[in-house]
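A.B. asks: One structure, as structure tokens, below. Some questions next.
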Amino acid sequence: MHQQLLYLWLAESALDAEVVAWALYDGAKGKGQALPAAKGPDAPPYATALAALEDGWCLFQAPQAGTPVGPEGASLGELQFQFIFERRVAIAP
Amino acid sequence: MEDPRHRLSTAAMAAFVADGFLRFDALIPEPLNRAALEEMKALAPGKLRRTLHGLGGRAGRLDRGIESQESPESLTPLEACYPAPSALGAVLRFPAVAGIIESLVGANPAFDHDFIHHIPAGAPRGQHLHVDAVLEPAGQAFDIQLFYFPTAVAPGGGGTRFVPGSHLRRARAEGIARYQHVLGEQHYSGPAGTLLVFHQGLWHAGQPNPSAEDRWMYKLRLNPREPQQRLWNTADLAELHNSPRDHSFAYPGSNTVAQRLRRMAPWQRGHEGRYEQMQRAALWRYLTGDLTYDVDFYQTRKRVREGVLEEEQP
Numbered sequence: 001m002h003q004q005l006l007y008l009w010l011a012e013s014a015l016d017a018e019v020v021a022w023a024l025y026d027g028a029k030g031k032g033q034a035l036p037a038a039k040g041p042d043a044p045p046y047a048t049a050l051a052a053l054e055d056g057w058c059l060f061q062a063p064q065a066g067t068p069v070g071p072e073g074a075s076l077g078e079l080q081f082q083f084i085f086e087r088r089v090a091i092a093p
Numbered sequence: 094m095e096d097p098r099h100r101l102s103t104a105a106m107a108a109f110v111a112d113g114f115l116r117f118d119a120l121i122p123e124p125l126n127r128a129a130l131e132e133m134k135a136l137a138p139g140k141l142r143r144t145l146h147g148l149g150g151r152a153g154r155l156d157r158g159i160e161s162q163e164s165p166e167s168l169t170p171l172e173a174c175y176p177a178p179s180a181l182g183a184v185l186r187f188p189a190v191a192g193i194i195e196s197l198v199g200a201n202p203a204f205d206h207d208f209i210h211h212i213p214a215g216a217p218r219g220q221h222l223h224v225d226a227v228l229e230p231a232g233q234a235f236d237i238q239l240f241y242f243p244t245a246v247a248p249g250g251g252g253t254r255f256v257p258g259s260h261l262r263r264a265r266a267e268g269i270a271r272y273q274h275v276l277g278e279q280h281y282s283g284p285a286g287t288l289l290v291f292h293q294g295l296w297h298a299g300q301p302n303p304s305a306e307d308r309w310m311y312k313l314r315l316n317p318r319e320p321q322q323r324l325w326n327t328a329d330l331a332e333l334h335n336s337p338r339d340h341s342f343a344y345p346g347s348n349t350v351a352q353r354l355r356r357m358a359p360w361q362r363g364h365e366g367r368y369e370q371m372q373r374a375a376l377w378r379y380l381t382g383d384l385t386y387d388v389d390f391y392q393t394r395k396r397v398r399e400g401v402l403e404e405e406q407p
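Chains as they are written, first to last, in our numbering: chain A, 1 to 93; chain B, 94 to 407.
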């Protein structure tokens with residue numbers, strides 16, 4: 001079995017929030033189940049993380065709670081709400 | 094009225110604060126582009142060799158000393174870089190370019206470093222998304238990076254990828270490498286002579302070049318040597334600069350700087366955008382010197398609570 005990974009960064013911490021960034025890695029090197037295609041240059045393969053769950057991806061890692069907001073607002077760094085999903089796929093013989 | 098010094102308008106400065114970049118298509122005229130390209134081709138091997146030498150690579154052995162006219166040293170005042178008859182010098186002193194530079198980092202900033210980025214036709218690999226800043230100053234002062242394209246770059250021709258609005262996030266240089274796609278990101282393409290001007294913090298990456306044309310780009314980082322306060326053409330500042338009462342949830346103004354700073358990039362959705370907006374307002378406070386400046390009352394509310402505003406009349 002080989003692992004396929006889907007990273008989704010969401011606008012909020014809820015799984016049904018909109019996807020704002022994404023990445024895909026294919027441990028099966030294209031010989032397993034086809035990865036979902038982006039639906040356009042500015043459209044992710046899934047509109048929400050919930051849609052990825054519904055398509056059979058398994059949640060692998062969810063973000064920790066964010067740091068508290070200080071007097072100058074939130075400290076902004078990397079994208080806050082990163083969810084990682086996996087699929088384990090068999091390689092065609 | 095056109096500014097004789099070609100400095101930026103307040104509206105353009107507000108766009109830079111919001112987006113982290115400005116774009117000027119075909120700014121440099123064609124004869125100068127061709128001369129600059131030839132000079133870039135001549136300088137590229139030496140710049141690459143010196144960088145490799147600096148990084149300790151065996152390929153970077155120096156056969157001769159560095160001639161300052163060929164490549165300026167860091168801290169050189171910009172006006173002393175690439176003296177005539179250098180074509181790159183002529184680009185940097187071209188009135189519209191000089192006006193842009195003056196508006197953002199002062200008329201004579203310090204040369205930090207430059208590099209000639211050549212992506213040959215058919216180059217298969219691109220860079221991961223990254224940020225050049227590496228360390229951030231404690232305040233709001235910033236460097237700029239000029240990206241000058243002397244030849245036309247077709248879509249898919251290796252134009253720089255960048256993420257509008259990412260410049261005020263504090264990220265490790267390669268910590269953002271895994272973002273393969275970000276909503277609203279751009280892949281530069283455009284006519285010859287185009288100049289992009291980036292805030293030091295803007296996320297970007299060189300791209301593969303599957304096209305049949307080599308892609309050349311000159312990149313220059315400049316450090317301000319003076320406070321970056323009201324250096325642009327401020328003729329329209331009074332008209333656009335809003336009061337702290339400009340508040341989306343009460344009475345928002347129209348055609349104000351605040352209105353421009355509220356416009357988020359497609360990846361800045363929902364409430365997270367408010368934090369971006371606060372960072373932009375802080376940068377506008379630095380640029381204008383107006384310590385009371387605010388967008389949507391976030392800092393002003395705090396000042397009210399602290400009693401700072403108790404003597405002010407509505």
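C-beta: ideal position from N, C-alpha, C; glycine also.
1) Just checking: is the beta-carbon of B/Leu276 within a distance shorter than 8 Å of some beta-carbon in chain A?
2) According to the Cβ coordinates, are B/Leu276 and A/Val20 closer than 8 Å?
3) In whole angstroms, what separates the C-alpha of B/Gly158 from that of B/Gly182?
4) Does B/Glu365 have its Cβ less than 8 Å from a Cβ in chain A?
5) For B/Arg355 and B/Ser341, which I take to be in contact (beta-carbon distance under 8 Å), what is that distance rounded to the nearest angstrom?
6) What does A/Trp22 reach in chain B if we use C-beta pairs closer than 8 Å?
7) Distance check for A/Ala23 and B/Arg271, CA to CA, integer angstroms please.
8) For the ligand MG, I want to know if B/Ile237 counts as a neighbour, meaning its beta carbon is within less than 7 Å of at least one of the ligand's heavy atoms.
9) Please tell me whether A/Ala74 has its Cβ less than 8 Å away from any Cβ of chain B.
10) Would you check if there are 3 or more beta carbon pairs closer than 8 Å linking the stretch 292-312 of chain B to the stretch 246-260 of chain B?
11) Rounded to the nearest angstrom, what separates B/Gly199 and B/Arg262 at their Cα positions?
12) Which partner residues does A/Met1 have in the DSSP bridge list?
13) Name the chain A residues that come within less than 9 Å of B/Tyr311, Cβ to Cβ?
14) Pairing CB atoms from the stretch 219-233 of chain B with CB atoms from the stretch 166-178 of chain B, are three or more of them under 8 Å?
15) Tell me which residues share the same chain as B/Tyr386 and place their Cβ nearer than 6 Å to its Cβ, disregarding the 5 neighbours each side in the sequence.
16) Please state the DSSP three-state secondary structure of B/Ala298.
17) Let me know the secondary structure DSSP gives A/Ala51 once reduced to three states.
18) Looking at the C-beta of A/Gln64, does it have a partner C-beta in chain B at a distance below 8 Å?
19) By the criterion of Cβ-Cβ separation under 9 Å, what are the contact partners of B/Tyr368 in chain A?
20) Rank B/Arg265, B/Glu131, B/Gln220, B/Trp309 by C-alpha distance to the C-alpha of B/Phe242 and give the top, closest one.
21) How far does the beta strand (DSSP E) with B/Met310 in it reach, from first residue to last?
22) Given A/Leu50, which residues of its chain have a CB within under 8 Å of its CB, disregarding the five upstream and five downstream residues?
23) Taking the alpha-carbon positions, what's the B/Trp325 to A/Gly70 distance?
24) Tell me the DSSP secondary structure of B/His260 in three-state form.
25) Out of B/Gln273, B/Thr253, B/Leu125, which has the shortest C-alpha to C-alpha gap to B/Ile212?
26) Excluding the five sequence neighbours on either side, which residues of its own chain have a C-beta within less than 7 Å of the C-beta of B/Ala375, listed in chain order?
27) Using CA coordinates, which residue listed in A/Gly77, A/Pro93, A/Ala38, A/Ser13 is at the minimum distance from B/Val224?
28) So, with DSSP's three-state summary, where would you put B/Thr349?
29) Taking the straight line between their C-alpha atoms, what separation do you get for B/Pro170 and B/Thr144?
30) Find the nearest neighbour of A/Gln3 within the set A/Lys31, A/Ala37, A/Glu18, judged by alpha-carbon distance.
31) Please name the residues in the stretch 6-20 of chain A whose beta-carbon is closer than 9 Å to at least one beta-carbon of chain B, in chain order.
32) Nearest-angstrom Cα distance between A/Pro63 and B/Met371?
33) For B/Pro317 versus B/Pro202, is the C-beta distance shorter than 8 Å?
34) What in chain B is Cβ-close to A/Pro105, meaning under 8 Å?
35) Check whether the Cβ of B/Tyr379 lies closer than 8 Å to any Cβ atom in chain A.
36) In the structure shown, what three-state DSSP assignment does A/Gly40 receive?
C.D. replies: Taking the definition as stated:
1) Taking the first residue of the second sequence as 1, we reach residue 276 of chain B at position 183. Cβ-Cβ to chain A under 8 Å: yes for B/Leu276.
2) Translated into positions along the second sequence, residue 276 of chain B becomes position 183. Translated into positions along the first sequence, residue 20 of chain A becomes position 20. Yes, these two residues count as a Cβ contact at 8 Å.
3) Working through the second sequence from its first residue, we reach residue 158 of chain B at position 65. Working through the second sequence from its first residue, we reach residue 182 of chain B at position 89. Note that B/Gly158 scores a pLDDT of 49, beneath 50, so its modelled location is shaky and nothing firm can be said.
4) Taking the first residue of the second sequence as 1, we reach residue 365 of chain B at position 272. So yes, B/Glu365 belongs to the interface.
5) For this step, residue 355 of chain B is matched to residue 262 along the second sequence. For this step, residue 341 of chain B is matched to residue 248 along the second sequence. Contact holds; Cβ gap of about 7 Å.
6) In the first sequence, the residue the question calls residue 22 of chain A occupies position 22. Ordered by position in chain B, the residues that pass the 8 Å Cβ test against A/Trp22 are Gln273, His274.
7) Position 178 of the second sequence, counted from the first residue, corresponds to residue 271 of chain B. Position 23 of the first sequence, counted from the first residue, corresponds to residue 23 of chain A. Roughly 7 Å separates the two Cα atoms.
8) Looking for the ligand MG in the displayed structure turns up nothing, as the structure carries no ligands at all.
9) Reading the first sequence from its first residue, position 74 is the one you call residue 74 of chain A. By this cut-off, A/Ala74 is an interface position.
10) yes
11) Taking the second sequence and counting its residues from 1, one reaches residue 199 of chain B at position 106. Taking the second sequence and counting its residues from 1, one reaches residue 262 of chain B at position 169. Answer to the nearest angstrom: the Cα atoms are 24 Å apart.
12) By one-based count along the first sequence, residue 1 of chain A stands at place 1. Beta-bridge pairing links A/Met1 to no other residue.
13) Numbered from 1 along the second sequence, position 218 holds the residue referred to as residue 311 of chain B. Within 9 Å Cβ-Cβ: nothing; B/Tyr311 doesn't reach chain A, min ~27 Å.
14) no
15) Translated into the one-based positions of the second sequence, residue 386 of chain B becomes position 293. Same-chain partners within the cutoff: Trp377, Arg378.
16) Counting from one through the second sequence, the residue named residue 298 of chain B turns up at place 205. If DSSP states are grouped into helix, strand and coil, B/Ala298 belongs with the strands.
17) The residue labelled residue 51 of chain A in the question sits at position 51 within the first sequence. In this structure, A/Ala51 counts as helix in the three-state DSSP scheme.
18) Residue 64 of chain A sits at position 64 when you count from the first residue of the first sequence. Output row for A/Gln64: interface = no.
19) The residue you call residue 368 of chain B lines up with position 275 of the second sequence. What B/Tyr368 touches in chain A: Val69, Gly73, Ala74, Ser75, Leu76.
20) Residue 242 of chain B sits at position 149 when you count from the first residue of the second sequence. Nearest option by C-alpha distance: B/Trp309.
21) One-based indexing of the second sequence puts residue 310 of chain B at position 217. Looking at the DSSP string, the run of the beta strand (DSSP E) that includes B/Met310 is 308-316.
22) Counting from one through the first sequence, the residue named residue 50 of chain A turns up at place 50. Within the same chain, A/Leu50 has close Cβ partners Leu15, Asp16.
23) Within the second sequence, numbered from 1, the residue matching residue 325 of chain B stands at position 232. Within the first sequence, numbered from 1, the residue matching residue 70 of chain A stands at position 70. Approximately 32 Å between the Cα atoms of the pair.
24) Your numbering for residue 260 of chain B matches position 167 in the second sequence. Reduced to three states, the DSSP call for B/His260 is coil.
25) Here residue 212 of chain B refers to the residue found at position 119 of the second sequence. Closest by alpha carbon: B/Thr253.
26) Along the second sequence, one-based indexing puts residue 375 of chain B at 282. Counting only Cβ-Cβ distances below 7 Å, and skipping sequence neighbours, we find Gln233.
27) Counting from one through the second sequence, the residue named residue 224 of chain B turns up at place 131. The option with the nearest alpha carbon to B/Val224 is A/Gly77.
28) Residue 349 of chain B sits at position 256 when you count from the first residue of the second sequence. DSSP places B/Thr349 in coil when its eight states are reduced to three.
29) On the second sequence, position 77 is the one that residue 170 of chain B refers to. On the second sequence, position 51 is the one that residue 144 of chain B refers to. Distance between the alpha carbons of B/Pro170 and B/Thr144 is about 21 Å.
30) Mapped onto the first sequence, residue 3 of chain A falls at position 3. The shortest Cα separation from A/Gln3 among A/Lys31, A/Ala37, A/Glu18 belongs to A/Lys31.
31) Tyr7, Trp9, Leu10, Ala11, Glu12, Ala17, Glu18, Val19, Val20
32) Sequence index remark: in the first sequence, residue 63 of chain A carries index 63 (1-based). Sequence index remark: in the second sequence, residue 371 of chain B carries index 278 (1-based). Taking the straight line joining both Cα atoms gives about 24 Å.
33) Looking up residue 317 of chain B in the second sequence gives position 224. Looking up residue 202 of chain B in the second sequence gives position 109. Contact flag set, yes.
34) In this structure chain A extends from 1 to 93, so residue 105 of chain A is not present and cannot be described.
35) Start at 1 with the first residue of the second sequence, and residue 379 of chain B comes out as number 286. Taking Cβ atoms only, chain A never reaches closer than 8 Å to B/Tyr379, which makes this a no.
36) In the first sequence, residue 40 of chain A corresponds to position 40, counting from 1. Residue state, collapsed to three classes: strand.
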